[in-house]
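Report on one structure; see the data block that follows.
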Amino acid sequence: MLRSWQFDELGQRAAIAPNVQIEVYGDLTLGRHVTLRQGCILRGTGSLSIGDRTVVNQNTIITAMQQVTIGADCMLAPGVYILDVDHKFESRERPIRDQGYRTSAAKIGDDVWLGAVVFILKGVTTGNGAIIAANSVVIQDVPPFTIFGGSPARKLRDRN
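The sequence shown begins at 1336 in the working numbering and counts up one residue at a time.
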């Protein structure tokens, strides 16, 4: 599903695979030379911005109910999941699905590499030049030029 009127800005030479699903009803900006590969899903009612020369690989899901920002020159491996929302669950008397949502912006800096099947959860900021190892769940901010991995992700070392 791709409708040109959904883009606030579509950069030159953006490459979007035929089976990418775009269901963003807020602001959507794709920078120059952005690549969205097969099976990607972009969705939400918030603001989603993907910077110049960023590659979003197969089967990545990005949910922007408030704001998701991905910088320039990023590499998102297959199966990455970035979201700025989760469910409220405080009440035992009401089903979780009826309790609403919590949102907090998710921000990915420039030149960030997210390995395969990485989850970036709401409220997380990933600094410029960071690397997140495959199969990691990121629940805290990642400083610039560091390597994080694990579930939950923790600092493994600085990037040389």
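Glycine included, every Cβ here is placed at the ideal spot set by N, Cα and C.
Using CA atoms only, rank isn't needed, just tell me which of the options is closest to residue i.
i: Val1472; options: Val1359, Tyr1416 and Thr1398; result: Tyr1416
i: Gln1434; options: Ala1441, Asp1421 and Ala1440; result: Asp1421
i: Val1391; options: Leu1411, Thr1460 and Ile1397; result: Leu1411
i: Ile1357; options: Ala1350, Leu1377 and Gln1373; result: Leu1377
Leaving out five residues on either side along the sequence, give the residues of the same chain with a beta carbon under 7 Å from the beta carbon of residue i.
i: Ser1339; result: Unreliable placement is indicated for Ser1339, whose pLDDT of 43 sits below 50; the coordinate value is still reported in the next sentence. Closer than 7 Å at the Cβ level, and outside the excluded window around Ser1339, lies no residue.
Let's see if you can read the secondary structure: which residues bound the beta strand (DSSP E) around residue i?
i: Lys1490; result: Ala1488 to Asp1493
i: Ile1482; result: Thr1481 to Gly1485
i: Lys1457; result: Per DSSP, Lys1457 belongs to no beta strand (DSSP E) and is neither H nor E.
i: Gln1356; result: Gln1356 to Val1359
i: Arg1437; result: Tyr1436 to Thr1438
i: Ile1443; result: Ala1441 to Ile1443
Quick one: residues in its chain with C-beta nearer than 6 Å to the C-beta of residue i, no 5 flanking neighbours on either side, listed in chain order?
i: Arg1348; result: His1368
i: Leu1491; result: Ile1482 and Gly1484
Between residue i and the rest of its own chain, which residues show a CB-CB distance below 8 Å, the 5 nearest in sequence each way excluded?
i: Gly1458; result: Asp1419, Ser1439, Ala1440 and Ala1441
i: Gly1464; result: Gly1444, Asp1445, Asp1446, Val1447, Pro1479, Phe1480 and Arg1494
Would residue i pass as a contact of residue j if the rule is Cβ separation under 8 Å?
i: Pro1413; j: Thr1395; result: yes
Could you tell me which whole beta strand (DSSP E) segments of length 3 or greater appear in the segment 1379-1431? 1382-1385, 1396-1398, 1402-1405, 1416-1418 and 1420-1422
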